[in-house]
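> So for the sequence shown, the numbering used here puts the first residue at 1; every next one is plus one.
From the three backbone atoms N, C-alpha and C, an ideal C-beta is built for every residue, glycine too.
This one's a predicted model, so the numbers in the text were calculated from it and none came from an experiment.
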Amino acid sequence: MTDWLKRKVDHLLAEGYDFPVAGFLSRGLELLRMRFWHFVGFALLVFIINTVVGFIPVLGFVATTFVLGPALNAGFFLFAERLDREPESAEFPLFFRGFDYVAPLALYTLVYLAILLLAFFPSLLAMGASGLFEYIWDLLRNPLDEPDLLPDFSTTTILILFINLLFLLLVVVAYWWTPLFIVFHQMPFWDAMEASRKLVARQLGSHVLLFLAIFFSALLIGIIAVMLALFPLIGILILGIYIAAVTVVFQCALYASFAAVVGVDPPDDDDQDDLLEHLIDEQ
Numbered sequence: 001m002t003d004w005l006k007r008k009v010d011h012l013l014a015e016g017y018d019f020p021v022a023g024f025l026s027r028g029l030e031l032l033r034m035r036f037w038h039f040v041g042f043a044l045l046v047f048i049i050n051t052v053v054g055f056i057p058v059l060g061f062v063a064t065t066f067v068l069g070p071a072l073n074a075g076f077f078l079f080a081e082r083l084d085r086e087p088e089s090a091e092f093p094l095f096f097r098g099f100d101y102v103a104p105l106a107l108y109t110l111v112y113l114a115i116l117l118l119a120f121f122p123s124l125l126a127m128g129a130s131g132l133f134e135y136i137w138d139l140l141r142n143p144l145d146e147p148d149l150l151p152d153f154s155t156t157t158i159l160i161l162f163i164n165l166l167f168l169l170l171v172v173v174a175y176w177w178t179p180l181f182i183v184f185h186q187m188p189f190w191d192a193m194e195a196s197r198k199l200v201a202r203q204l205g206s207h208v209l210l211f212l213a214i215f216f217s218a219l220l221i222g223i224i225a226v227m228l229a230l231f232p233l234i235g236i237l238i239l240g241i242y243i244a245a246v247t248v249v250f251q252c253a254l255y256a257s258f259a260a261v262v263g264v265d266p267p268d269d270d271d272q273d274d275l276l277e278h279l280i281d282e283q
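1) Flag this pair as yes or no: are the beta carbons of Ala218 and Val246 separated by less than 8 Å?
2) Check the C-beta distance from Gly75 over to Phe39 and give it rounded, since I have them as a contact under 8 Å.
3) Taking the alpha-carbon positions, what's the Gly69 to Phe184 distance?
4) Does the structure place the segment 250-268 close enough to the segment 21-30 that three or more beta carbon pairs sit under 8 Å?
5) Please classify Leu124: does DSSP put it in a helix, a strand, or coil?
6) To the nearest angstrom, how far is it from the Cα of Asp138 to the Cα of Ser130?
7) Figure out for me which residue from Phe66, Leu149, Val58 has the closest Cα to the Cα of Ala114.
8) Contact check, Glu88 vs Val264 under 8 Å by CB: the rounded distance?
9) Alpha carbon to alpha carbon, what distance is there between Phe215 and Leu239?
10) Would you call the segment 179-199 in contact with the segment 97-112, where contact means no fewer than 3 C-beta pairs closer than 8 Å?
11) Please determine, among Phe99, Glu194, Phe167, Gln203, the residue with the shortest C-alpha to C-alpha distance to Phe121.
12) For Asp3, report the span of its alpha helix (DSSP H) as first-last.
13) How many whole angstroms separate the CB atoms of Val53 and Leu210, which I take to be in contact at a CB cut-off of 8 Å?
14) With DSSP collapsed to three states, give me the class of Glu86.
15) What is the DSSP secondary structure of Asn164, reduced to helix, strand or coil?
16) Return the Cβ separation of Val46 and Leu72 in integer angstroms, given the expectation that the two are a contact with Cβ distance under 8 Å.
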């Protein structure tokens with residue numbers, strides 16, 4: 001971590017920071033409109049690449065999870081940053097610059113998934129005790145037999161699942177600035193994870209609110225999918241574009257929040273303060 005970044009992070013931890021959720025979402029939409037087909041086209045390309053490679057046994061899973069997924073995901077941030085600062089030089093190949101950081105991104109993904117698995121462990125125990133896994137195993141072994149009724153979940157099991165899902169939400173949000181620290185500040189993956197966790201904790205409620213805004217937008221996709229089921233070909237096309245657009249808005253809003261709060265390079269303090277004030281005014 002460079003000296004200026006360490007000072008910046010320490011200052012944010014000590015003094016706190018504003019997090020205008022509506023302003024970041026608005027900026028995400030604005031960036032999407034600036035290069036709509038670039039973003040949507042790349043999002044659809046990412047889906048196709050991951051789907052095709054995913055068909056390769058074992059290696060496909062490893063490649064999409066630890067190499068392609070993290071690197072291509074970082075491409076959204078890199079393109080958004082260039083579009084934000086120098087729109088005329090934002091070209092499609094920028095999306096693939098995430099591969100320059102594939103090693104730390106892969107290590108981050110490995111550790112992050114391990115943390116998620118540990119965080120989900122209480123739910124696994126609760127579902128195992130309820131007999132759910134036995135039910136699924138019997139269903140897989142005898143797919144042609146009429147399935148039994150799903151096992152009943154006790155109140156305790158439901159409570160454990162609910163609390164655990166809330167905890168998982170906090171874990172997901174806590175580390176979502178990690179890739180941005182890696183690609184914009186070349187931080188080692190663990191330092192980036194710790195910086196993200198500490199800074200997000202300083203404004204946890206606002207970060208959760210941003211996540212929920214995107215989540216309910218994604219939930220709307222399901223409703224639209226049902227409505228468009230009567231028009232298979234057109235429906236699939238529209239749904240695909242909508243999913244891609246929601247994905248891009250999320251990535252761009254996440255970039256906008258990071259750029260406004262932390263910055264993507266040693267900034268002029270006045271410029272960064274003006275950006276935050278502008279986003280706050282939009283809220």
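In terms of the structure at hand:
1) The sequence position of residue 218 within the sequence shown is 218, counting from 1. The sequence position of residue 246 within the sequence shown is 246, counting from 1. It is a contact, given that the beta carbons lie within the stated cut-off.
2) Locating residue 75 in the sequence shown gives position 75, where the first residue counts as 1. Locating residue 39 in the sequence shown gives position 39, where the first residue counts as 1. Between Phe39 and Gly75 the Cβ distance is about 10 Å, and since that is not below 8 Å, they are no contact.
3) As a position in the sequence shown, residue 69 is number 69, starting the count at 1. As a position in the sequence shown, residue 184 is number 184, starting the count at 1. Roughly 18 Å between the two C-alpha positions.
4) Touching, per the Cβ criterion.
5) For the purposes of this step, residue 124 is taken as the residue at position 124 of the sequence shown. Leu124 falls in the helix class under three-state DSSP.
6) Walking along the sequence shown from the start, residue 138 turns up at place 138. Walking along the sequence shown from the start, residue 130 turns up at place 130. Distance from the CA of Asp138 to the CA of Ser130, rounded to the nearest whole angstrom, comes to 14 Å.
7) To locate residue 114, count along the sequence shown from 1; it is residue 114. Closest option to Ala114, Cα to Cα, is Phe66.
8) As a position in the sequence shown, residue 88 is number 88, starting the count at 1. As a position in the sequence shown, residue 264 is number 264, starting the count at 1. With 8 Å as the limit, Glu88 and Val264 do not qualify as a contact, their Cβ atoms being about 18 Å apart.
9) Position 239 of the sequence shown, counted from the start, is the residue given in the question as residue 239. Position 215 of the sequence shown, counted from the start, is the residue given in the question as residue 215. Whole-angstrom Cα-Cα distance: 16 Å.
10) Yes, the segment 179-199 touches the segment 97-112.
11) By 1-based counting over the sequence shown, the position of residue 121 is 121. Cα-wise, what sits closest to Phe121 is Phe167.
12) By 1-based counting over the sequence shown, the position of residue 3 is 3. Counting along the chain, the alpha helix (DSSP H) containing Asp3 begins and ends at 3-15.
13) Translated into positions along the sequence shown, residue 53 becomes position 53. Translated into positions along the sequence shown, residue 210 becomes position 210. So it is not a contact: roughly 30 Å between Cβ atoms.
14) As a working note, residue 86 is residue 86 in the sequence shown. Assigned with DSSP and collapsed to three states, Glu86 falls in coil, not helix or strand.
15) In the sequence shown, counting from the first residue as 1, residue 164 sits at position 164. Note: Asn164 maps to helix in three-state DSSP.
16) Looking up residue 46 in the sequence shown gives position 46. Looking up residue 72 in the sequence shown gives position 72. Here Val46 really is in contact with Leu72; their C-beta atoms are around 5 Å apart, less than 8 Å.
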